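Okay, so here's the structure we're looking at.
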Amino acid sequence: MTSAAPILVLFRNDLRVADNRALAAATDSGRPVVPLFILDENGSRPAGAASRWWLHHSLAALGASLERLGAGLVLRRGGTHEIVAEILKATGATSVFWNRRYAPPHVEVDRALKAGLREEGVEAESFDGFLLHEPTRLATGAGAFYKVFTPFYRRLAAEGDPRDPVDAPTGLTGWKGRLPAGDLAAFGLLPDKPDWSGGLAERWRPGEAGAAARLDDFLEEHLDGYADSRDRPAEAGTSGLSPHLAHGEISPFQIMAALRAKQGRDAETFRKELAWREFSYHLLFRRPELHHASFRPDFDGFGWRRDPGGLKAWQGGQTGYPIVDAGMRELWQTGWMHNRVRMIAASFLIKDLLIDWREGEAWFWDTLVDADAANNPASWQWVAGSGADAAPYFRIFNPVLQGEKFDPDGRYVRCYVPELAELPDRYIHRPWDAPRSVLAGCGIELGRDYPLPVVDHAKARDRAMDAYRAIRG
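Residue numbers (the UniProt record's numbering): 1 to 473.
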């Protein structure tokens with residue numbers, strides 16, 4: 001190894017320059033750096049459309065940051081092993097650094113890559129950055145993995161403060177040889193014919209700078225009162241950091257460091273939200289089939305219904321239940337849905353319509369900008385009752401009561417279901433109860449301007465309870 005040999009730094013779900021330990025280690029070596037992103041879709045679950053939109057803009061932002069620091073981002077598409085070998089040969093690099101990933105297909109790729117490189121005499125090093133904990137390390141007293149969130153959270157908290165974030169480099173030494181940078185547009189990540197991403201672009205600012213700005217805004221403007229306001233979808237009460245975390249534009253270490261001086265119920269509630277993300281990866285690491293197989297095998301015999309019409313109504317925000325429809329339309333327009341409404345919408349699909357949770361998980365995977373390999377299936381299985389530490393089977397959200405409790409003046413519904421905007425507050429979550437004269441005065445005919453409910457909730461609840469009791473014996 002010569003001191004001038006460059007170091008190849010792989011970027012994957014860590015699209016940032018701050019608190020990027022692989023990049024920091026390469027920079028500290030004083031050797032030239034070749035930053036590389038590989039769009040490798042072999043053997044892993046393909047990203048959904050909304051995530052691909054985000055990835056395009058995140059890569060553009062990362063490329064601009066690296067260019068300013070002195071080493072442009074190289075883009076390639078194909079198998080990781082083959083592309084790494086190609087770039088090693090082209091540059092003469094003798095080291096490859098990356099930050100660890102934890103979805104099982106990615107773990108296998110990285111293990112094989114590290115072993116293969118070391119066999120060939122190439123230095124291969126990996127670093128932390130995506131999770132606060134290593135899933136291989138935390139275990140119960142019996143040596144098993146945690147299946148209940150609360151003891152997992154206590155154990156995680158008992159580990160003490162996580163490490164400090166690593167500063168972004170002030171400059172990079174780029175490799176001076178000739179290496180085509182690659183064309184981001186050729187990845188085909190953006191929607192076309194039609195381009196449906198206008199609402200996403202209006203709501204979000206992908207990239208590391210956008211992540212930092214959102215964290216600052218949340219801590220300054222929205223952390224106070226978070227424990228309560230996070231449940232009110234009409235308010236800007238959540239952090240909005242989930243898509244930035246999913247793409248690694250900010251690390252959990254950066255967020256925890258910023259929270260260090262914050263105490264009280266609001267800060268603790270937010271820390272628990274971060275810990276749920278950790279718990280989800282703790283599960284996925286050991287159950288790689290989490291997105292398509294029930295965590296609890298007794299659910300294999302559950303009596304799901306085939307209901308294409310109900311599924312289509314749910315996906316399009318046409319169920320006749322305003323809080324559910326508002327959430328599904330927010331998702332379609334912005335690539336995101338408020339967390340409380342996610343639970344309501346998921347409960348409706350699973351328990352009111354008795355449609356398999358996998359149908360909902362797949363729809364969210366495709367339409368969410370924060371679609372996450374662990375959070376997405378773990379949360380769907382939690383609602384279904386089939387997951388680890390799942391909601392009890394008898395917890396069936398009443399969409400009317402949930403709407404009245406968390407959106408009492410109907411502001412959220414009026415935003416995303418404008419055909420109901422003129423209804424008085426008392427009817428906004430139950431338009432079928434409004435007198436004909438009130439509906440007519442608002443220009444609403446149910447079944448024409450807004451759908452009648454696709455199911456009677458009270459009857460659907462009884463049907464769901466019967467189905468759940470059947471698998472409990």
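All C-beta atoms in this analysis are idealised placements derived from N, C-alpha and C, irrespective of residue type, glycine included.
Every value quoted in this text rests on a predicted model; they were computed, and no experiment measured them.
Pick out whichever of the options has its Cα sitting closest to the Cα of residue i.
i, options, result
"residue 223", "237, 156, 210", "237"
"residue 372", "5, 182, 4, 13", "13"
"residue 390", "276, 201, 332", "276"
"residue 63", "121, 89, 207", "207"
"residue 446", "65, 120, 218, 423", "423"
"residue 298", "380, 386, 408, 109", "386"
"residue 65", "53, 23, 77", "23"
"residue 469", "107, 301, 381", "301"
"residue 26", "123, 89, 101", "123"
"residue 351", "16, 421, 303", "303"
"residue 201", "357, 58, 471", "58"
"residue 160", "442, 15, 256, 196", "256"
"residue 404", "117, 240, 324", "324"
"residue 116", "368, 88, 376, 443", "88"
"residue 70", "380, 226, 169", "169"
Between residue i and residue j, what straight-line distance do the alpha-carbon atoms span, to the nearest angstrom?
i, j, result
"residue 187", "residue 47", "13 Å"
"residue 454", "residue 320", "6 Å"
"residue 36", "residue 177", "15 Å"
"residue 334", "residue 55", "15 Å"
"residue 72", "residue 174", "7 Å"
"residue 459", "residue 465", "10 Å"
"residue 155", "residue 144", "13 Å"
"residue 344", "residue 412", "14 Å"
"residue 50", "residue 249", "16 Å"
"residue 270", "residue 252", "12 Å"
"residue 86", "residue 29", "23 Å"
"residue 281", "residue 436", "51 Å"
"residue 362", "residue 92", "42 Å"
"residue 418", "residue 230", "23 Å"
"residue 157", "residue 309", "46 Å"
"residue 461", "residue 84", "54 Å"
"residue 140", "residue 410", "45 Å"
"residue 184", "residue 172", "22 Å"
"residue 42", "residue 449", "45 Å"
"residue 292", "residue 388", "14 Å"
"residue 199", "residue 67", "29 Å"
"residue 467", "residue 119", "55 Å"
"residue 20", "residue 326", "38 Å"
"residue 131", "residue 125", "17 Å"
What is the DSSP secondary structure of residue i, reduced to helix, strand or coil?
i, result
"residue 450", "strand"
"residue 301", "helix"
"residue 208", "helix"
"residue 327", "helix"
"residue 124", "strand"
"residue 386", "coil"
"residue 455", "coil"
"residue 400", "helix"
"residue 369", "coil"
"residue 292", "coil"
"residue 465", "helix"
"residue 174", "strand"
"residue 254", "helix"
"residue 136", "coil"
"residue 394", "coil"
"residue 234", "coil"
"residue 15", "coil"
"residue 268", "helix"
"residue 150", "helix"
"residue 349", "helix"
"residue 417", "coil"
"residue 319", "coil"
"residue 189", "coil"
Is the CB-CB distance between residue i and residue j below 7 Å?
i, j, result
"residue 295", "residue 135", "no"
"residue 80", "residue 38", "yes"
"residue 233", "residue 341", "yes"
"residue 182", "residue 33", "no"
"residue 259", "residue 246", "no"
"residue 349", "residue 307", "no"
"residue 370", "residue 243", "yes"
"residue 322", "residue 429", "yes"
"residue 151", "residue 288", "no"
"residue 97", "residue 9", "yes"
"residue 214", "residue 241", "yes"
DSSP beta-bridge partners for residue i?
i, result
"residue 77", "39"
"residue 99", "127"
"residue 8", "34, 96"
For chain D, is any of its Cβ atoms less than 7 Å away from the one on residue i?
i, result
"residue 167", "You won't find chain D in this structure, because it holds only one protein chain."
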